[in-house]
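First comes the structure, then the notes that go with it.
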């Protein structure tokens with residue numbers, strides 16, 4: 160059954176069938192061919208129970224928060240301010256790409272939205288200042304991946320919901336690795352442009368007066384992040400409540416420091432939120448039904464027998480899971496990969512004695528790599544779609560150094576679990 164489901168999943172997705180539909184079809188197929196019980200009769204109850212959780216309300220709220228900031232013109236002003244602070248480094252404006260992606264990762268919760276935001280603002284600058292298109296676009300694609308690691312992260316919310324893990328602990332666990340990875344991106348960019356100055360653009364310096372004046376565009380984003388995440392850590396608000404507070408603050412920022420929040424802008428933000436949230440919920444409910452069908456058909460027992468018969472140690476099993484995600488990440492979209500594998504993989508990892516919070520962060524970093532590795536790396540397509548010329552190969556080549564950084568972070572998390580667990584244990 161395991162191999163049948165895996166091959167069917169890849170085959171149906173190769174036909175460009177929406178992932179949520181694929182998961183439902185697989186669930187129905189498992190129930191028909193591998194179970195003696197009429198599992199299809201439980202479809203309504205499973206869909207209702209998986210979508211009626213108050214925790215999931217945080218997802219559309221965090222999506223709306225990011226949509227308001229993007230469509231309200233806050234992104235362009237933030238990018239300009241960070242340009243004044245970071246363009247003196249080797250690589251120039253490339254560092255502003257990474258820093259802007261990091262800041263918006265701390266507010267939007269979506270990697271694709273973050274990459275699209277920064278690419279839309281930055282690409283005209285690259286063409287005007289004659290930057291190397293490979294490194295410039297690769298840095299945007301890689302920086303966008305931080306959106307699902309640095310809190311608030313929609314993917315961490317989904318992971319916490321599916322595994323019944325504390326979302327505040329997951330948020331705090333993702334913060335240190337996320338910041339470290341952003342700093343590593345900056346360091347690698349500076350090192351590359353020091354060795355090959357032709358890959359970066361001109362280093363530009365601004366006066367301290369200009370830098371300090373630009374802080375008016377950065378402070379509101381910092382305040383927004385502090386209020387949203389701080390209220391969760393302090394126990395003053397749930398993730399859902401803090402997301403609602405964040406939407407209100409984002410609206411005030413867009414009105415006060417952005418391009419305003421007209422009815423047209425607000426309508427576009429709400430429409431974008433509905434589209435993204437509907438896609439996420441379809442995938443989640445489909446994954447729940449597939450998990451229900453596979454569990455009822457005895458997949459858990461089959462997997463347990465397979466692992467016990469493999470003779471691998473707990474560490475060997477962990478490395479096998481890491482290798483599995485690295486391979487599947489080439490072919491399956493990130494959220495789909497998460498929800499399709501979490502119900503199967505996480506109970507096995509937890510049964511081996513590994514911490515679910517730590518594994519959640521490790522999984523997110525693995526998922527991040529899938530966003531910038533072909534053939535289905537979504538951030539690669541998002542960045543390429545904003546370019547006026549050039550090929551996809553340029554974006555792929557530019558992302559390679561940052562893929563290596565992610566591999567190093569995976570190794571660091573396995574060797575030093577405290578990178579993810581230190582902050583949750585002290586909050």
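Numbering (this note's numbering), first residue to last: 160 to 586. Yeah, the Cβ is synthetic: ideal placement off N, Cα and C, and Gly gets one too. The model shown is predicted, which means the values in this text are computed figures rather than measured ones.
Judged by DSSP in its simplified three-state form, residue 359 adopts coil rather than helix or strand. In the assembly as shown, residue 369 is an exposed residue. Its beta-carbon has fewer than 16 other beta-carbons within 10 Å. Closest option to residue 484, judged by alpha-carbon separation, among 230, 237, 445 and 519: 519. For residue 513, no alpha helix (DSSP H) run applies, since DSSP gives it neither H nor E. One thing to note: residue 384 has its Cβ within 8 Å of the Cβ of residue 266.
In the structure shown, the three-state DSSP call for residue 576 is coil. Note on geometry: alpha-carbon atoms of residue 219 and residue 470 lie some 44 Å from one another. When C-alpha distances from residue 260 are compared across 221, 399, 293 and 306, the shortest belongs to 306. Between residue 452 and residue 194, the C-beta gap is smaller than 8 Å, which places the two residues in contact. Between residue 457 and residue 190, the alpha-carbon positions lie close to 11 Å from each other.
The beta carbons of residue 277 and residue 299 sit closer together than 8 Å. By the Cβ rule, the stretch 207-223 counts as touching the stretch 391-409, because three or more pairs are nearer than 8 Å. Taking C-beta atoms under 8 Å as the contact rule, residue 303 and residue 281 fail to qualify, at a distance of about 11 Å. A check of alpha carbon separations from residue 476 across 513, 496, 494 and 497 identifies 513 as the nearest. Exposed is the label assigned to residue 482, since fewer than 16 other Cβ atoms lie within 10 Å of its Cβ. The beta-carbon distance between residue 206 and residue 579, rounded to whole angstroms, is 33 Å. This is too long to meet the 8 Å contact definition. For residue 305, no alpha helix (DSSP H) encloses it, and the DSSP letter there is neither H nor E. Residue nearest to residue 571 within the set 258, 337, 403 and 174 is 337 (criterion: CA-CA distance). Its Cα nearest to that of residue 506, the residue 321 stands out among 352, 584 and 321. Taking each of 256, 184 and 408 in turn and checking the Cα distance to residue 198, the smallest one comes out for 184. Between residue 170 and residue 441, the gap from beta carbon to beta carbon reaches 8 Å or more.
Below 8 Å, too few C-beta pairs join the stretch 426-435 and the stretch 234-244 to call them touching: fewer than three. For the options 450, 454 and 362, the alpha carbon positioned closest to that of residue 247 is the one of 362.
DSSP places residue 583 in the helix class (H, G or I) of the three-state scheme.
Between residue 315 and residue 523, the beta carbon gap of about 7 Å places them in contact (Cβ cut-off 8 Å).
In this structure residue 367 is exposed. Its beta-carbon is surrounded by fewer than 16 other beta-carbon atoms within 10 angstroms.
In this chain, residue 536 is not harboured by any alpha helix (DSSP H), its DSSP state being neither H nor E. Between residue 542 and residue 583, the gap from beta carbon to beta carbon reaches 8 Å or more. The beta carbon of residue 212 lies closer than 8 Å to those of 320 in the same chain, with the five residues before and after it left out.
For residue 454 and residue 503, the gap between their C-alpha atoms comes out near 9 Å. In this structure residue 404 touches residue 387 by the C-beta definition: roughly 7 Å separates them, less than 8 Å.
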